[in-house]
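Peer 1:
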Amino acid sequence: MKFLISNDDGYFAPGIATLAEALSRHGEVVVVAPERDRSGSSNSLTLDRPLSVRKAANGFFYVNGTPTDCVHVAVTGLLDFRPDMVFSGINHGPNMGDDTIYSGTVAAATEGFLLGIPSVAVSLAGKSGAHFATAAAVVDQLMQRLQASPFQAPVLLNVNVPDIPLDRLAGMTVTRLGRRHYAEPVIKAKNPRGDTVYWVGPVGPAQDAGEGTDFWALANNQASVTPLMLDLTAYGQLDGIKTWLHS
Numbered sequence: 001m002k003f004l005i006s007n008d009d010g011y012f013a014p015g016i017a018t019l020a021e022a023l024s025r026h027g028e029v030v031v032v033a034p035e036r037d038r039s040g041s042s043n044s045l046t047l048d049r050p051l052s053v054r055k056a057a058n059g060f061f062y063v064n065g066t067p068t069d070c071v072h073v074a075v076t077g078l079l080d081f082r083p084d085m086v087f088s089g090i091n092h093g094p095n096m097g098d099d100t101i102y103s104g105t106v107a108a109a110t111e112g113f114l115l116g117i118p119s120v121a122v123s124l125a126g127k128s129g130a131h132f133a134t135a136a137a138v139v140d141q142l143m144q145r146l147q148a149s150p151f152q153a154p155v156l157l158n159v160n161v162p163d164i165p166l167d168r169l170a171g172m173t174v175t176r177l178g179r180r181h182y183a184e185p186v187i188k189a190k191n192p193r194g195d196t197v198y199w200v201g202p203v204g205p206a207q208d209a210g211e212g213t214d215f216w217a218l219a220n221n222q223a224s225v226t227p228l229m230l231d232l233t234a235y236g237q238l239d240g241i242k243t244w245l246h247s
């Protein structure tokens, strides 16, 4: 198999090197990632300037753009082959619930999916970043299952792995996205020039974290595997909006 790997932490991040090593046991790997940390960039494309692609000493390509840029440029122009799969990660930190809307990690996988390629976003859900090897083992298990039973159509999977030793991992489970409370307030501060600046505050605590959610899985030492979709249509509101518009 041929894999395209990207992320939003940057081409120098330890997680992407771990992911590349894990997938190299299953096929050919090419890494195309942002030149710097682009966490929270979501699905943004750079349209106001050209993008440059350079190659690092370790063979990874890096782009002065977003995670979405990286996958788009790789698939539509840079590579001389079409990847069999796109992997994004391993992100340092969780991408669960509402976080997936903002996540550059998920966005890189989403771009692969939009281009018709099965895609997987992988995140290590912890602050310490101590157990990337556990996430790599989960990727290895997913690849073994995929090789035994390939996808019949492109899918988009969001995988979160608890930051714990592998021998404490209680397996994998299919989940839905949970929900958080509203985000915490912005943090107001002064820069060295005395100007008022604002830091985006931390995410709020989980509101919907019941059994079956990604939050629940991680709290129970399980890796969560959530299939995602991109149709944002609120089908349940179509008739009501139609009536409102024509009344």
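All residue numbers for the sequence shown refer to UniProt numbering, where the first residue is 1 and numbers rise by one. Built from N, CA and C at the ideal position, the CB exists for glycine as well. Quick caveat: nothing in here was measured; it's all calculated off a predicted structure.
(1) Grab me the residues of residue 44's own chain with a C-beta within less than 7 Å of its C-beta, minus the 5 sequence neighbours each way, in chain order.
(2) If you reduce the DSSP assignment to three classes, tell me which class residue 35 lands in.
(3) Could you have a look at residue 75 and say whether DSSP puts it in helix, strand or coil?
(4) If you follow the alpha helix (DSSP H) that residue 101 is part of, which residue opens it and which one closes it?
(5) Tell me the rounded alpha-carbon separation between residue 217 and residue 124.
(6) Residue 76 and residue 7 - do their beta-carbons sit closer together than 8 Å?
(7) Considering only the alpha carbon of each residue, which of 53, 137, 96 lies closest to residue 158?
(8) Does DSSP put residue 208 in a helix, a strand or coil?
(9) With 16 other CB atoms within 10 Å as the buried threshold, where does residue 195 fall?
(10) Are the CB atoms of residue 128 and residue 99 within a distance shorter than 8 Å?
(11) At what residues does the alpha helix (DSSP H) containing residue 142 begin and finish?
(12) Assuming residue 133 contacts residue 166 (C-beta within less than 8 Å), just tell me the rounded distance between them.
(13) What does residue 88 pair with, by DSSP beta-bridge criteria?
(14) Using the beta-carbon count (16 or more within 10 Å), is residue 214 buried or exposed?
(15) So, does the region 32 to 43 touch the region 69 to 88, judging by three or more C-beta pairs under 8 Å?
(16) For residue 233, does the three-state DSSP call read helix, strand or coil?
(17) Using the C-alpha atoms, what's the distance from residue 38 back to residue 139?
(18) Taking the straight line between their C-alpha atoms, what separation do you get for residue 151 and residue 91?
(19) Terminal residues of the continuous beta strand (DSSP E) containing residue 224?
(20) Identify whether residue 66 lies in helix, strand or coil by the three-state DSSP scheme.
(21) On the premise that residue 226 lies in contact with residue 177, defined as a C-beta separation below 8 Å, what is that separation, rounded to the nearest angstrom?
(22) Helix, strand or coil: which one does DSSP assign to residue 162?
(23) Using the beta-carbon count (16 or more within 10 Å), is residue 197 buried or exposed?
(24) Take the Cβ of residue 62 as the centre, count every other Cβ of all protein chains shown within 10 Å, and call the residue buried at 16 or more, exposed below.
(25) For residue 241, does the count of other Cβ atoms within 10 angstroms reach 16, so buried, or fall short, so exposed?
Peer 2: This is what the structure holds:
(1) 66, 68
(2) coil
(3) helix
(4) 99 to 102
(5) 13 Å
(6) no
(7) 96
(8) strand
(9) exposed
(10) no
(11) 132 to 148
(12) 7 Å
(13) 6, 121
(14) buried
(15) yes
(16) coil
(17) 23 Å
(18) 24 Å
(19) 223 to 227
(20) coil
(21) 6 Å
(22) strand
(23) exposed
(24) buried
(25) exposed
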